[in-house]
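Chains D and G, in that order, give the protein sequences.
As numbered in our numbering, residues 350 to 558 make up the first sequence, in order.
As numbered in our numbering, residues 350 to 558 make up the second sequence, in order.
From the three backbone atoms N, C-alpha and C, an ideal C-beta is built for every residue, glycine too.
Since the model is a prediction, treat every value here as computed from it, not as a measurement.
Working notes, structure below.
Number of protein chains: 2
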Amino acid sequence: MAELRFSTKQRILGAAEDLFARRGFAGASLRQVTAAAKVNLAAVNYHFGSKDRLIEEVFRRRLDELNAGRLRALKQALAKPEPKLEDVLAAFIKPALELSLDREGGSAFVRVLARAYAEHNERLRKFLSDNYGHVLREFATAFARQLPQLGKEELYWRLDIVAGALTYAMADFGVIKRRSGQSEREFRERAADHLVRFAAAGLKEGSER
Amino acid sequence: MAELRFSTKQRILGAAEDLFARRGFAGASLRQVTAAAKVNLAAVNYHFGSKDRLIEEVFRRRLDELNAGRLRALKQALAKPEPKLEDVLAAFIKPALELSLDREGGSAFVRVLARAYAEHNERLRKFLSDNYGHVLREFATAFARQLPQLGKEELYWRLDIVAGALTYAMADFGVIKRRSGQSEREFRERAADHLVRFAAAGLKEGSER
DNA sequence: CTAGACTTCAAACGATTGTTTGAGAATTTC
DNA sequence: GAAATTCTCAAACAATCGTTTGAAGTCTAG
Chain D
350 MAELRFSTKQ RILGAAEDLF ARRGFAGASL RQVTAAAKVN LAAVNYHFGS KDRLIEEVFR
410 RRLDELNAGR LRALKQALAK PEPKLEDVLA AFIKPALELS LDREGGSAFV RVLARAYAEH
470 NERLRKFLSD NYGHVLREFA TAFARQLPQL GKEELYWRLD IVAGALTYAM ADFGVIKRRS
530 GQSEREFRER AADHLVRFAA AGLKEGSER
Chain G
350 MAELRFSTKQ RILGAAEDLF ARRGFAGASL RQVTAAAKVN LAAVNYHFGS KDRLIEEVFR
410 RRLDELNAGR LRALKQALAK PEPKLEDVLA AFIKPALELS LDREGGSAFV RVLARAYAEH
470 NERLRKFLSD NYGHVLREFA TAFARQLPQL GKEELYWRLD IVAGALTYAM ADFGVIKRRS
530 GQSEREFRER AADHLVRFAA AGLKEGSER
């Protein structure tokens, strides 16, 4: 976490990500963050302006790439001759899996992401909606095309459940622990496969299958 | 929230539940809680001893009844001549639905519950595991009997996803808003039905169906 | 080499945190 | 109705919070 080879700004972002994942935004203090980053306390306000802006930058650093990856994967999936529901789901899930495999704090970030759902923080919601709302809208359109037999309301119900399950699974909650012989990558890829098949089954249920 | 007809202790628990749901355990201060409860600041430490113990009592007040209801429903479901997977799922989900319909803060509590998942707080996890772990173990056994074709590891994968989706859906996250003409009860019952069918589809997927 | 910009630092700011105190009010017990 | 117990209250406790300050350090451009 110290890692003095990184710049002050990067070390703060890394330490903040880790501590926000473990103690929440209110629960992690700037003194804990700067101590973990081996940086002076005032550096946060110098480089980011405030704690709130630091939180936003923790998101921006990862979400820019994550959502770009999702859109890329979606475009690729829809370019296939006969794109399936599973392809659209995988386009949403797999980039998040890749992120969670990032050596430098990616797995911490997906837990931060899960916290953002739990926090009903108005300021944070606006920031996320303003910057990344268009991605979710594109996926909603793609899902609607894959599931034409579902009413709009019904579709939103199911997508909401899928988004929740995804957030939960990616955050590594719950009882599942990987077997000791299994690599992190194997573990995560199995997780993504399970989630895609599980979500597809739930989304299709009641339709013609 | 004020509701002076309730005792000091009950008013504190109600206000704490509401504020923990909205701002988290670290984010809600005892001064905010006691102000909302129209109670003196010192009353929390007098009646509960500390903020941590107050948090535990917020859980205990609801979880005793919720988990008793789940075990009752599970017993009833397993007493049927041919219990189905959907029956076991409903036994887990429906009591939570009932709780979320409780006029006096039930819907706030399910959001508190979702926060407890997000918090990796060791103390809280131990409290929940010590007091209610046996309920989850009974359900795991029942699910295993309904899905004998699934390996133990595979089953745990899927149950974890179901638990996450349930927590998420019950916490009323996400984009779904009920139509203005729809009652809270109608809305929640539709939610539970969707969730049971969705979860059942995902749990069975890949088996004989 | 120097002037200027950028970055780090220890120290302190006022505000807020959970908790404790001891006096007083309210209630219960006999 | 007096004594004892339970509860409420304003006030203060030390600790910690996010933020600001101004001086000292480091770096870069001319």
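Report yes if the CB atom of residue i is closer than 8 Å to the CB atom of residue j, and no otherwise.
i                      : j                      : result
residue 423 of chain G : residue 440 of chain G : yes
residue 520 of chain D : residue 460 of chain D : yes
residue 466 of chain D : residue 516 of chain D : yes
residue 512 of chain D : residue 544 of chain D : no
residue 547 of chain D : residue 554 of chain G : yes
residue 331 of chain G : residue 457 of chain G : In the structure as shown, chain G starts at 350 and stops at 558, and residue 331 of chain G therefore has no counterpart that could be examined.
residue 355 of chain D : residue 407 of chain D : no
residue 358 of chain D : residue 379 of chain D : no
residue 514 of chain G : residue 514 of chain D : yes
residue 537 of chain D : residue 449 of chain D : yes
residue 386 of chain D : residue 404 of chain D : no
residue 469 of chain G : residue 411 of chain D : no
residue 453 of chain D : residue 551 of chain D : no
residue 409 of chain G : residue 484 of chain G : no
residue 489 of chain D : residue 473 of chain D : no
residue 437 of chain D : residue 428 of chain D : no
At 8 Å on the CB atoms, spell out the chain G contacts of residue i, in chain order.
i                      : result
residue 375 of chain D : 372, 373, 375, 376
Please classify residue i: does DSSP put it in a helix, a strand, or coil?
i                      : result
residue 553 of chain D : helix
residue 543 of chain D : helix
residue 386 of chain D : coil
residue 400 of chain G : helix
residue 356 of chain G : coil
residue 447 of chain D : helix
residue 538 of chain D : helix
residue 532 of chain D : coil
residue 363 of chain G : helix
residue 409 of chain D : helix
residue 433 of chain G : coil
residue 558 of chain D : Caution is warranted here: a pLDDT of 38 is assigned to residue 558 of chain D, below 50, making its placement in the model unreliable, and the coordinate value is therefore given only provisionally. If DSSP states are grouped into helix, strand and coil, residue 558 of chain D belongs with coil.
residue 499 of chain G : coil
residue 480 of chain G : helix
residue 374 of chain D : coil
residue 487 of chain G : helix
residue 520 of chain G : coil
residue 368 of chain G : helix
residue 470 of chain D : coil
residue 422 of chain D : helix
residue 391 of chain G : coil
residue 453 of chain D : coil
Classify residue i as buried or exposed, calling it buried when 16 or more other Cβ atoms lie within 10 Å of its own Cβ.
i                      : result
residue 394 of chain D : exposed
residue 390 of chain D : exposed
residue 383 of chain D : buried
residue 534 of chain D : exposed
residue 443 of chain D : buried
residue 421 of chain D : exposed
residue 495 of chain D : buried
residue 541 of chain G : buried
Applying a beta-carbon distance threshold of less than 8 Å, which residues of chain D neighbour residue i?
i                      : result
residue 510 of chain G : 514, 517, 518, 543, 544, 547
Mind listing the chain G neighbours of residue i? Cutoff is C-beta to C-beta under 9 Å, in chain order.
i                      : result
residue 486 of chain D : The contacting residues do not exist; residue 486 of chain D stays about 11 Å from chain G at best.
At 7 Å on the CB atoms, spell out the chain G contacts of residue i, in chain order.
i                      : result
residue 467 of chain D : 463, 464, 467
Note down, in chain order, every chain D residue with its Cβ under 9 Å from the Cβ of residue i.
i                      : result
residue 554 of chain G : 546, 547, 549, 550, 551
residue 507 of chain G : 543, 547
So residue i packs on residue j, CB below 8 Å; how close in whole Å?
i                      : j                      : result
residue 549 of chain D : residue 447 of chain D : That belief does not hold up - the Cβ atoms of residue 549 of chain D and residue 447 of chain D are roughly 20 Å apart, past 8 Å.
residue 373 of chain D : residue 500 of chain G : Between residue 500 of chain G and residue 373 of chain D the Cβ distance is about 35 Å, and since that is not below 8 Å, they are no contact.
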